[in-house]
Amino acid sequence: MGLRLAPLLAVVFLLTSHGSAARCRDNEPRVQQTQVGFGQPPRFVVVVQNSCPMCPAVDVHINCGGFPRSLADPKVLKVIGFDDCVVNGGLPLAPLQKLSFDYTHERFRMSPKSWFLQCE
């Protein structure tokens, strides 16, 4: 009886043990822009959030088009190259942590590009 139960337990274990990173697989960082100034040029507030409730997100990069280096503090958003900006100097964003910055310019499209979840 024990020998027949072992394969079943192994299958149940494999189906239920995904680890924290697997549980956050669909929780990519969020990038939200809100226009707060309506002059010329307009002003935007950008909020980047680690949407994983269990694991820090590290080395978070976002697509940022031709975002100029001079528009944001490089400790918050550093332009690496065209359409590649790193958030928080690549340092971890704690679970559900938000980081924000603002800029005054025509709107740049921004979206999550790459990141790693630091789970055990």
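Per mature numbering (1 follows the signal peptide of the UniProt record, and there is no 0), the sequence shown runs over residues -21 to -1, 1 to 99. Just so it is clear, CB atoms sit at the ideal spot from N, CA and C, and this is done for glycine as well. Since the structure is predicted, the reported quantities are computational estimates derived from the model, not experimental observations.
Identity of the residues DSSP links to residue i by a beta bridge
| i | result |
| --- | --- |
| Ser79 | Val26 |
| His40 | Val65, Ser93 |
Best match in the options for proximity to residue i [C-alpha to C-alpha]
| i | options | result |
| --- | --- | --- |
| Val58 | Thr13, Leu72, Leu70, Cys43 | Cys43 |
| Asn67 | Lys77, Phe61, Leu96 | Lys77 |
| Gln12 | Ser49, Val37, Ile41 | Ile41 |
| Gln14 | Lys92, Val24, Leu96 | Val24 |
Residue i, buried or exposed, once every other Cβ within 10 Å from all chains shown has been counted against 16
| i | result |
| --- | --- |
| Phe(-9) | Confidence in Phe(-9) is poor, its pLDDT being 36 and thus under 50, which makes the residue's placement unreliable; the coordinate value appears in the next sentence. By the 10 Å Cβ count, Phe(-9) comes out exposed. |
| Phe87 | buried |
| Pro8 | buried |
| Ala36 | buried |
| Leu72 | buried |
| Leu56 | buried |
Contact belief for residue i with residue j at Cβ below 8 Å, rounded distance in angstroms
| i | j | result |
| --- | --- | --- |
| Pro75 | Cys3 | Inspection of the sequence shows that residue 75 is occupied by Leu rather than by Pro. So it is not a contact: roughly 11 Å between Cβ atoms. |
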